[in-house]
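S.K.: I have a structure here, written as structure tokens, and I will follow up with some questions on it.
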Amino acid sequence: MSQSSIRPVLITKVLPNSIAAEVGFEPGDSIVAINGSHPRDLIDYQFLCADEIL
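Per this note's numbering, the very first residue in the sequence shown carries number -18; after that it's consecutive.
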């Protein structure tokens, strides 16, 4: 998959008292990279978030 076809992950919901809420994520925000890597899909996102250092 080319870099130009990778779309940011769109945040649709943030649970109260979650880590996402604590750091300020809001519905409508986008995740474009995690530790310098661009998630292509949900599996990539889960793999990249499995690292304890974000």
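Glycine is no exception: its CB is placed at the ideal position from the N, C-alpha and C atoms.
This structure is a prediction, so every number in the text was calculated from the model and none was measured.
Are there three or more Cβ pairs, one per stretch, closer than 8 Å when the region 8 to 16 is compared with the region -12 to -2?
M.R.: yes
S.K.: Where does LEU(-9) fall in DSSP's three states?
M.R.: Within the sequence shown, numbered from 1, the residue matching residue -9 stands at position 10. Strand, per DSSP.
S.K.: Where DSSP assigns a beta bridge to SER11, which residues make up the other side?
M.R.: Working through the sequence shown from its first residue, we reach residue 11 at position 30. Residue pairing by DSSP puts SER11 in a beta bridge opposite LEU(-9).
S.K.: Whole angstroms are fine: how far does the CA of ARG21 sit from the CA of LEU29?
M.R.: Walking along the sequence shown from the start, residue 29 turns up at place 48. Walking along the sequence shown from the start, residue 21 turns up at place 40. Rounded to whole angstroms, LEU29 to ARG21 spans 11 Å at the Cα level.
S.K.: In terms of residues, what are the limits of the alpha helix (DSSP H) holding ASP25?
M.R.: Taking the first residue of the sequence shown as 1, we reach residue 25 at position 44. Counting along the chain, the alpha helix (DSSP H) containing ASP25 begins and ends at 23 to 30.
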